[in-house]
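Visitor: Chains P and X supply the protein sequences, listed in that same order. Each number in my numbering corresponds to the 1-based position in the first sequence with 544 added. Each number in my numbering corresponds to the 1-based position in the second sequence with 52 added. Can you read through this structure? Questions will come right after.
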Amino acid sequence: MNSEKLNLLWLHGLTCCGNTQSFLCAEEPLLSSFLRKVNLIYHPAISEEEELEVKVRAILNGDIKLDVLVLEGAVPKGESDKTYKLDGMSLSELVLKLSSLADYTVALGNCAVYGNIPALKEKNVSGLQYRFKEKGGILGKDFRSKSGMPVINISGCPAHPEWFIGVILSIASGKRILLDSYGRPKEFYAYYTHDGCMRNQYYEWKVEAESMGTKEGCLFYNFGCRGPMTKSSCNRILWNGVSSKTRSGQPCFGCTEFDFPRANLWETKYNMGIPAELPEGVSLRGYIMVSGIAKTFAPDRLKRRLIDEGE
Amino acid sequence: MKVSKKLLTRLEGEAELKLFWQGEKIKDAYISVPNYRGFERILVGKPVMDALVINPRICGICGHAHLRATVEAIEDSLKRAGYEVTITEKARLFRDITLSLEIIQNHLRWFYLYLMPDVVKLKPSLRERFAPLKGSGWQEGVRASNYATKALATLAGQWPHSSYMVPGGVTCDPTEADINKVEALVERVVDFFEEKLAGIEIQSYMSMSGAKLIREVKGDILSFFEACFEHGLDSVGRSYGRFLTGGTIDPCVVPGTKSKRICKFHPERVYELGNYSFFSKNGRGYTWAKAARYGGVPCETGPLARQLIAKNPRVVSLYKKYGDSVLVRVFARLDEILTLSLSVLDKLRSVDLSQRSCIAPPKEVKSVSGEGIGVVEAARGTLIHKISVSRGKIKFYDVITPTVWNLGPRDDVYLGVAEKAMIGLDSELKAYTVLRSFDVCSVCTSH
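Quick look at the structure:
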């Protein structure tokens, strides 16, 4: 039975462990399905096995076949790496060795994908195959795992458990995984946060949210929402099975993208009355024409409260 | 002298424990936290509102407490600059409810995922229920924790890493149906406590204390108690017996300090010492944590401190008999699952949805200069954020986490709280269990 399971080893770099906690929030029966199909050789927080050294030696000796290596957290390179030593290996050395043996290498969460917060003030800290926008990272831009795939990047701060488990289950059943230009599975990152947002009508008719704390109004115009520029399935596969940032009145902060966290996360920048950044692929001329017409003809019902005492 | 060293896993992050032995007993213990990210440096120069998004990322399991501390520090800075922020009762209740839910999920995951697998090593007959991944307790514990995370996300959008608290209130605008859903989920947590943890009816559980409670409680709490009595965990793990709670979660948590008696908490008496951390380059540093002190002395913070200071009769009665042992420290944490859940249910019933969720502060946050402090209770105890802002930009930020109190290093006079609790023990496994009883979170400790 065990031999049919995927052997998966999960390492922590510089991390808040939020992707582990997010993983544990997976909706049933996904978590059970994952545990049935995966042999968790080692995980720093949840596996029975506590001795990482023992498992790493067995993998390096060829006694255990490593199917999937998962990294959560950013990695410091060379000299700056004081995280921990394992049999004399630093984390970056360990990652290099294990990723050369694993069939698949998965970067889970924005720290492992792009470096994210731990890399902001540390030049030597990066993600597995990226440092922010720049390709390279710890493994180098040309890295391919034994399966021929580059690092599978499951970005997000944190990543949604269903995106991660979805990828692992696809690997388990030998399905093809299509990646976008940032190495992210298209199945989850072809969408924008905007897709499925409950405020889409307000966006279409350019009805802005006047204040925070209401169901009504779009957050793109005043409150810095990056929904139309951010690739994620946040409003398609809901968080904790129930909600999302925009559904609870928060703007999307773009936490699946390389430039998270940007500055001024709660406000929209304007140039001469037009948002400085437009939804991806939309021309300035097109935006001005469409939004001008939309605003002029916006239906009154969108300017009232959605649920009130009236009829 | 024999020295043993172990990288401890199955906790939030990783921590290294170095033990010095004299004969069969532990003579000295060093807790070292290896990973440092540097949030306080990263925040300098950032727009103040961005801290609401960055700070939850300090910790994957208590990020919501960091959000609450951040928003309160910002609101305090506005108030001190002369722009008092008004918050509706509804927004205040939501903030308390979601913070309580985060603490509840933490306590459930900690007990089943982090603590009990070590207790199983002391008492192998508990294996079937408490083994990692496979044990029924492990699986049920995760499921129960997700009643809490789902309830939290219904209001806050997601967990981990929501930023739904903003100066002036909260961003969410839920409907009555949402509130009903949250209530139903929290009721499931109470059911889980009754059926699995206490194994007896809630009313009867709540009416008992002391020896009667020990005698009559069943379920997983009983399994834990039995392991404690068999292996002496009712007498080990004791530290200074000085406790501190800075935050408030009405009505179950009130601020105060306690040694022989309960006194008022004065935030200005809190400071950090760095002479045994890597920040001081004197060669004595052994961890990325600093040592937090209150009026010069170390204090324990967390559920045990909270429940003693709030005079929870069950915790007070057990403390009288067993002191700040592993047994009582763990029990206080488990009992909090129930008291917090019941108070969340009360709060849900009193929420008035016709009130506003958010009232914009009287002056735009990005134009204000000033200093503020936010003191809140996180799962592991008192969390303090201090901010200094110059025209909307962060000049200085200081985070004192609960684990800095409990797991921080020594100073020239005192050992750290958890370090002290391990002195004199006769086995490594007991030392690990004592350390775990404080609920180790290394990512918060170093941040």
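Note that the Cβ used here is the ideal one computed from N, Cα and C, for glycine as well.
Any chance the stretch 224–235 of chain X sits against the stretch 602–610 of chain P, with 3 or more Cβ pairs inside 8 Å?
Guide: With a cut-off of 8 Å, the stretch 602–610 of chain P and the stretch 224–235 of chain X do not count as touching, because too few Cβ pairs lie within range.
Visitor: Report the CB separation of Glu594/P from Arg62/X in whole angstroms; it is logged as a contact under 8 Å.
Guide: Correct: roughly 7 Å between the Cβ atoms.
Visitor: Between which two residues does the beta strand (DSSP E) harbouring Ala344/X extend?
Guide: 343–346 is the span of the beta strand (DSSP E), which, as asked, contains Ala344/X.
Visitor: Could you please tell me which residues of the stretch 808–833 of chain P, in chain order, have their CB closer than 7 Å to any CB of chain X?
Guide: Flagged, chain order: Asn808, Leu809, Trp810.
Visitor: Of all the residues that make up the stretch 204–217 of chain X, which are near chain P by a beta-carbon distance shorter than 9 Å?
Guide: So the list reads Leu204, Ala205, Thr206, Leu207, Ala208, Gly209, Gln210, Trp211, Pro212, His213, Ser214, Ser215, Tyr216, given in the order they occur along the chain.
Visitor: Does DSSP put Leu165/X in a helix, in a strand, or in coil?
Guide: In the structure shown, Leu165/X sits in a helix (DSSP, three-state: H, G or I).
Visitor: Out of His499/X, Arg161/X, Thr122/X, state which residue places its alpha-carbon closest to the alpha-carbon of Ile590/P.
Guide: Ranking the options by Cα distance to Ile590/P, first place goes to Arg161/X.
Visitor: Using beta-carbon positions only, say whether Ile156/X and Leu392/X come within less than 7 Å of one another.
Guide: Yes, these two residues count as a Cβ contact at 7 Å.
Visitor: Can you tell me whether Gln74/X is buried or exposed? The criterion is at least 16 other CB atoms within 10 Å of its CB, across all chains shown.
Guide: Gln74/X is exposed by the Cβ-count criterion.
Visitor: Give me the DSSP bridge partner(s) of Glu423/X.
Guide: Partner(s): Ser440/X.
Visitor: How would you label Cys701/P, buried or exposed, when you count the other beta carbons within 10 angstroms and need 16 or more for buried?
Guide: Label assigned to Cys701/P: buried.
Visitor: What is the residue span of the alpha helix (DSSP H) that Tyr484/X lies within?
Guide: Segment 480–489, the alpha helix (DSSP H) holding Tyr484/X.
Visitor: Counting only Cβ pairs nearer than 9 Å, list the residues of chain P close to Thr201/X.
Guide: Near Thr201/X (Cβ distances below 9 Å), the residues of chain P are Gln565, Leu568, Cys569, Asn784.
Visitor: With a threshold of 7 Å between beta carbons, is Gln673/P in contact with chain X?
Guide: With 7 Å as the cut-off, Gln673/P does not count as an interface residue toward chain X.
Visitor: Check for me: the beta strand (DSSP E) holding Glu324/X runs from which residue to which?
Guide: 322–325 is the span of the beta strand (DSSP E), which, as asked, contains Glu324/X.
Visitor: Can you give, in chain order, each stretch of the alpha helix (DSSP H) that sits fully within the stretch 128–184 of chain X and has at least 4 residues?
Guide: 141–161, 168–174, 179–182, all fully within the stretch 128–184 of chain X.
Visitor: I need the DSSP call for Cys769/P, collapsed to helix, strand or coil.
Guide: If DSSP states are grouped into helix, strand and coil, Cys769/P belongs with coil.
Visitor: According to DSSP, what are the bridge partners of Thr434/X?
Guide: In DSSP, Thr434/X forms a bridge with Glu429/X.
Visitor: When the cut-off is 7 Å and only beta carbons count, does Gly681/P lie next to chain X?
Guide: Not closer than 7 Å to any Cβ of chain X, the Cβ of Gly681/P fails to qualify, so no.
Visitor: Between the stretch 86–104 of chain X and chain C, which residues of the former have CB atoms less than 7 Å from a CB of the latter, in chain order?
Guide: In the displayed structure, chain C is absent; the protein chains listed are P and X.
Visitor: Below 8 Å on the Cβ atoms is my guess for Val269/X versus Ala196/X; work out the distance and round it to an integer in Å.
Guide: Not quite, the Cβ-Cβ distance comes to about 18 Å (not below 8 Å), so this is no contact.
Visitor: With respect to the alpha helix (DSSP H) encompassing Asn744/P, which residues constitute its N-terminal and C-terminal limits?
Guide: Per DSSP, Asn744/P belongs to the alpha helix (DSSP H) from 744–748.
Visitor: So which residues of chain X does Leu928/P contact, with C-beta pairs closer than 7 Å?
Guide: Residue 928/P lies beyond the range of chain P shown here (545 to 855); nothing can be said about it.
Visitor: Quick check on Gln255/X: buried or exposed, where buried means 16 or more other Cβ atoms within 10 Å of its Cβ?
Guide: Exposed: under 16 other Cβ atoms inside 10 Å.
Visitor: Helix, strand or coil for Lys310/X per DSSP?
Guide: Of the three classes helix, strand and coil, the one that applies to Lys310/X here is strand, per DSSP.
Visitor: With 7 Å set as the bound, which would you pick, yes or no: does the beta-carbon of Cys224/X sit closer than that to a beta-carbon of chain P?
Guide: Chain P contact via Cβ: present.
Visitor: Does any residue of chain P have a CB that is nearer than 7 Å to the CB of Gly112/X?
Guide: Chain P contact via Cβ: present.
Visitor: How is the beta strand (DSSP E) around Phe567/P delimited, first residue to last?
Guide: Here Phe567/P belongs to no beta strand (DSSP E); instead the alpha helix (DSSP H) covers 562–568.
Visitor: Under 8 Å Cβ-Cβ, which residues of chain X neighbour Glu501/P?
Guide: Outside the shown range of chain P, which is 545 to 855, sits residue 501/P, and nothing can be said about it.
Visitor: So which of Gly671/P, Glu666/P, Ala716/P, Ser643/P has the shortest CA-CA distance to Lys690/P?
Guide: Per the Cα distances, Ser643/P.
Visitor: Would Ala250/X be called buried (16 or more neighbouring beta carbons within 10 Å of its own) or exposed?
Guide: So Ala250/X counts as buried.
Visitor: Helix, strand or coil: how does DSSP classify Asp102/X here?
Guide: Three-state DSSP puts Asp102/X in a helix.
Visitor: Can you name the start and end residues of the alpha helix (DSSP H) that Arg601/P belongs to?
Guide: First-last of the alpha helix (DSSP H) with Arg601/P: 596–605.
Visitor: Taking only the alpha-carbon atoms, compute the straight-line gap between Arg462/X and Leu296/X and give it to the nearest angstrom.
Guide: One C-alpha to the other measures close to 18 Å.
Visitor: From Asn546/P to Arg488/X, what does the alpha carbon distance come to, in whole angstroms?
Guide: Because Asn546/P carries a pLDDT of 44, less than 50, the predicted location of this residue cannot be relied on, and the following value inherits that uncertainty. Each residue's alpha carbon lies about 31 Å from the other.
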